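> Per the numbering used here, the very first residue in the sequence shown carries number 0; after that it's consecutive.
No residue lacks a Cβ here, since even glycine has one placed at the ideal position from N, Cα and C.
None of the values given here were measured: they were computed from a predicted structure.
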Amino acid sequence: MGVGNGTRTVMLASAAAAACIGYIAYADAAAPRAGAVLAVYDTPEIHIATATRTAGQDANLKSVAALCVPRQAGPAAPIANNTAEPAKIFDNLYFIGIPGVSAWAITTSAGIIVIDSLDNPREAETFIEGGLKKLKLDPMQVKYVVITHAHNDHFGGAQYLADKLHAQLVMSDTDWGVIEHMQPPPAGNTNRGTLPKRGKSVKDGEKLTLGDTTIEIYQTPPHTPGAISLIIPLKDGNERHVGAFWGGIGFNFAQSEANYTTYVNSVEKFAKVAKEKGADVPLANHSNFDNAFQKIQALKTRAAGQKHPFVLGPELQQKIFDIQTECAMAGRARLRTATANK
Ligand SMILES: [Zn+2]
Numbered sequence: 000m001g002v003g004n005g006t007r008t009v010m011l012a013s014a015a016a017a018a019c020i021g022y023i024a025y026a027d028a029a030a031p032r033a034g035a036v037l038a039v040y041d042t043p044e045i046h047i048a049t050a051t052r053t054a055g056q057d058a059n060l061k062s063v064a065a066l067c068v069p070r071q072a073g074p075a076a077p078i079a080n081n082t083a084e085p086a087k088i089f090d091n092l093y094f095i096g097i098p099g100v101s102a103w104a105i106t107t108s109a110g111i112i113v114i115d116s117l118d119n120p121r122e123a124e125t126f127i128e129g130g131l132k133k134l135k136l137d138p139m140q141v142k143y144v145v146i147t148h149a150h151n152d153h154f155g156g157a158q159y160l161a162d163k164l165h166a167q168l169v170m171s172d173t174d175w176g177v178i179e180h181m182q183p184p185p186a187g188n189t190n191r192g193t194l195p196k197r198g199k200s201v202k203d204g205e206k207l208t209l210g211d212t213t214i215e216i217y218q219t220p221p222h223t224p225g226a227i228s229l230i231i232p233l234k235d236g237n238e239r240h241v242g243a244f245w246g247g248i249g250f251n252f253a254q255s256e257a258n259y260t261t262y263v264n265s266v267e268k269f270a271k272v273a274k275e276k277g278a279d280v281p282l283a284n285h286s287n288f289d290n291a292f293q294k295i296q297a298l299k300t301r302a303a304g305q306k307h308p309f310v311l312g313p314e315l316q317q318k319i320f321d322i323q324t325e326c327a328m329a330g331r332a333r334l335r336t337a338t339a340n341k
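1) Enumerate in chain order the residues of its own chain whose CB-to-CB distance from leucine 160 is below 6 Å, with the five nearest sequence positions on each side excluded.
2) According to DSSP, alanine 243 sits in a beta bridge with which residue or residues?
3) What first and last residue would you give for the beta strand (DSSP E) that runs through phenylalanine 89?
4) Three-state secondary structure (DSSP) at tyrosine 22?
5) Sorted by chain position, which residues of the same chain lie with C-beta nearer than 7 Å to leucine 209's C-beta, five sequence neighbours on each side aside?
6) Tell me whether proline 220 is buried or exposed, calling it buried when 16 or more other Cβ atoms sit within 10 Å of its Cβ.
7) So isoleucine 230 and glycine 246 are supposed to be a Cβ contact under 8 Å. How far apart are they, rounded?
8) Would you kindly check if the distance between the Cβ of asparagine 119 and the Cβ of asparagine 290 is under 8 Å?
9) Let me confirm a value: methionine 328 is counted as buried when at least 16 other C-beta atoms fall within 10 Å, else exposed. Which label applies?
10) Near phenylalanine 252, what residues of its chain come up, given a Cβ to Cβ distance below 7 Å and the 5 sequence neighbours on each side ignored?
11) Is it the case that the CB of histidine 153 approaches a heavy atom of ligand 1 more closely than 7 Å?
12) When burial is assigned at 16 or more other CB atoms within 10 Å of the CB, is arginine 70 buried or exposed?
13) Relative to the C-alpha of valine 272, which candidate in Glu215, Asp90, Ala186 has its C-alpha closest?
14) How is threonine 223 classed by DSSP in three states: helix, strand or coil?
15) Do isoleucine 114 and glycine 156 come within 8 Å of each other at the CB atom, strictly closer than that value?
16) Quick one, are the C-beta atoms of proline 183 and leucine 168 less than 8 Å apart?
17) Give me the DSSP bridge partner(s) of tryptophan 175.
18) Would you check whether ligand 1 has a heavy atom nearer than 7 Å to the C-beta of glycine 330?
19) Rounded to the nearest angstrom, what separates serine 101 and phenylalanine 94 at their Cα positions?
20) Glycine 277: which of Gln316, Lys306, Gln296 sits nearest, CA to CA?
21) Quick one: residues in its chain with C-beta nearer than 6 Å to the C-beta of alanine 149, no 5 flanking neighbours on either side, listed in chain order?
22) Is the beta carbon of serine 62 sitting closer than 8 Å to the one on phenylalanine 320?
23) Is it right to say aspartate 279 is buried, meaning 16 or more other beta carbons lie within 10 angstroms of its own, or is it exposed?
24) What are the start and end residues of the alpha helix (DSSP H) that includes lysine 132?
25) Among the residues of its own chain, which have a CB less than 8 Å from the CB of arginine 239, if the five just before and after it don't count?
26) Does any heavy atom of ligand 1 sit closer than 7 Å to the C-beta of histidine 180?
27) CB glutamate 314 to CB threonine 49, shorter than 8 Å?
28) From the DSSP output, in three-state form, read off leucine 136 for me.
29) Short of 8 Å in beta carbon distance, which residues of its chain neighbour isoleucine 146, apart from the five on each side in sequence? Order them along the chain.
30) Along the beta strand (DSSP E) that carries tyrosine 217, what are the first and last residues, could you check?
31) If I measure Cβ to Cβ from lysine 341 and keep anything under 6 Å in the same chain, skipping five residues before and after, which residues do I get?
32) Tell whether a beta-carbon distance below 8 Å holds between isoleucine 88 and leucine 298.
33) Let me check understanding here. Comparing Cα to Cα, which of Gln140, His307, Tyr40, Asn151 lies closest to threonine 189?
34) Hey, is glycine 192 close to ligand 1, as in C-beta under 7 Å from one of its heavy atoms?
35) Would you mind giving the Cβ-Cβ distance between glycine 99 and asparagine 81, rounded to the nearest angstrom? I have them listed as a contact below 8 Å.
36) Tell me where the beta strand (DSSP E) around isoleucine 47 begins and ends.
This is the structure we're talking about:
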């Protein structure tokens with residue numbers, strides 16, 4: 000890291016700590032007054048406590064606060080029964096994922112936009128193509144497959160969908176570049192799909208329109224350098240809602256203070272857009288983050304006139320961003336402490 004970067008990180012850290020103090024002072028009258036050494040408050044413990052307090056007893060927020068718990072190194076444990084039924088979520092949004100990773104379909108007046116493509120061609124065929132058929136949607140109507148980021152569990156089925164359904168693959172220009180430098184999976188590894196061929200590139204702030212529907216795309220690194228998050232218009236009968244789809248959740252990026260700062264900045268940027276758009280439906284590409292399966296279950300028994308389980312409201316949506324920020328700050332402070340103790 001150059002001197003310039005280091006200075007910037009320290010300055011941002013101080014600003015972040017100052018913001019954090021403001022929050023604590025309001026939230027807890029017994030907290031020490033601002034004016035003490037700022038760094039005292041930029042600790043993992045303080046940020047985790049703030050995230051935990053923000054989550055309270057809300058199950059959806061608690062799932063997000065799990066981000067604060069450092070992940071164990073090594074591959075995730077395989078899911079025993081990695082299969083699921085597709086589900087209609089909104090009039091124009093469908094879940095076509097599995098427990099390990101999510102995929103979604105947005106229906107428009109001119110075809111379907113699929114978000115993410117699961118791990119490999121087999122899953123794309125079974126759960127995306129097959130899922131759409133089960134939902135009485137025509138897979139040949141898929142015009143775009145938007146890939147949120149250059150990780151195999153999101154792009155592994157993409158080339159299959161491009162070839163079979165003649166769908167156009169869409170990813171950030173940055174992450175197309177990432178894929179170009181990746182090693183293809185070893186021959187015979189059917190759990191990983193081939194690397195997709197470069198398709199349509201999108202940039203930060205770009206819109207993707209199909210028929211009557213426009214989704215907005217924002218680059219939110221550093222989960223990957225070009226991870227994208229989406230603003231999606233949603234319909235529930237006569238009601239209109241706005242989905243805020245976070246595209247790269249976990250902190251499994253190269254561990255540096257600068258990367259955690261980038262995460263904090265990405266959340267700040269996307270939270271501002273989401274607020275302006277009135278986003279009230281948090282969506283994700285991993286169901287442990289947005290509790291998609293619990294909500295799908297609740298949707299099955301939803302009575303007429305009852306609140307939609309995916310609609311959490313703008314306030315909770317913003318709390319989710321607050322928790323992501325606190326957990327990223329906790330991660331950064333943890334790294335800083337580790338470096339200081341070396
Ligand atoms: Zn990922």
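Checking against the coordinates, here is how it stands:
1) Hits under 6 Å: Ser116, Ala123, Val144, Ala166.
2) Alanine 243 is bridged by DSSP to Ile230, Pro281.
3) Counting along the chain, the beta strand (DSSP E) containing phenylalanine 89 begins and ends at 86–89.
4) At tyrosine 22, the pLDDT of 34 sits below 50, so the modelled position is not reliable; the number obtained from the coordinates is stated separately. Helix.
5) The residues Thr107, Ala109, Gly110, Ile112, Lys142, Tyr143, in chain order, have a CB closer than 7 Å to that of leucine 209 in the same chain once the five nearest residues on each side in sequence are set aside.
6) With a 10 Å radius around the Cβ and a threshold of 16 neighbouring Cβ atoms, proline 220 comes out buried.
7) Contact doesn't hold; Cβ gap of about 11 Å is too wide.
8) Judged by their CB atoms, asparagine 290 and asparagine 119 are not nearer to each other than the 8 Å cut-off.
9) Result: buried.
10) The answer, listed in chain order, is Pro221, His222, Asn258.
11) With a threshold of 7 Å, the Cβ atom of histidine 153 counts as near ligand 1, since some heavy atom of the ligand is closer than that.
12) Result: exposed.
13) Measuring C-alpha to C-alpha distances from valine 272 to each of Glu215, Asp90, Ala186 identifies Glu215 as the nearest.
14) For threonine 223, the three-state secondary structure derived from DSSP is coil.
15) No, they are not a contact pair.
16) Cβ distance not < 8 Å, so proline 183 and leucine 168 don't count as in contact.
17) Answer by DSSP bridge pairing: none, since tryptophan 175 is not bridged.
18) No, ligand 1 has no heavy atom inside 7 Å of this Cβ.
19) Cα-Cα distance, rounded: 7 Å.
20) Checking every option, the nearest Cα to that of glycine 277 belongs to Gln316.
21) Scanning its chain for C-beta atoms nearer than 6 Å, with the 5 sequence neighbours on each side dropped, one finds around alanine 149 the residues Asp174, Val177, Ile178, Thr223, in chain order.
22) No.
23) Within 10 angstroms of the beta-carbon of aspartate 279 lie 16 or more other beta-carbons, which makes it buried.
24) Segment 129–133, the alpha helix (DSSP H) holding lysine 132.
25) Cβ neighbours of arginine 239 beyond the five flanking positions: Pro232, Leu233.
26) For histidine 180, the distance from the CB to the nearest heavy atom of ligand 1 is not below 7 Å.
27) Not closer than 8 Å, so no.
28) Assigned with DSSP and collapsed to three states, leucine 136 falls in coil, not helix or strand.
29) Taken in chain order, the residues that qualify are Asp115, Ser116, His153, Phe154, Ala157, Leu168, Val169, Met170, Asp174, Pro195.
30) Its beta strand (DSSP E) spans residues 212–218.
31) Setting aside the 5 residues that flank it on each side, lysine 341 has no residue in the same chain whose C-beta is closer than 6 Å to its C-beta.
32) Closer than 8 Å, so yes.
33) The residue with the shortest Cα to Cα distance from threonine 189 is Asn151.
34) Because no heavy atom of ligand 1 lies under 7 Å away, the Cβ of glycine 192 does not count as near it: no.
35) Going by Cβ atoms, the distance from glycine 99 to asparagine 81 rounds to 5 Å, so yes, they are a contact pair.
36) Unbroken run through isoleucine 47 is the alpha helix (DSSP H), 43–54; no beta strand (DSSP E).
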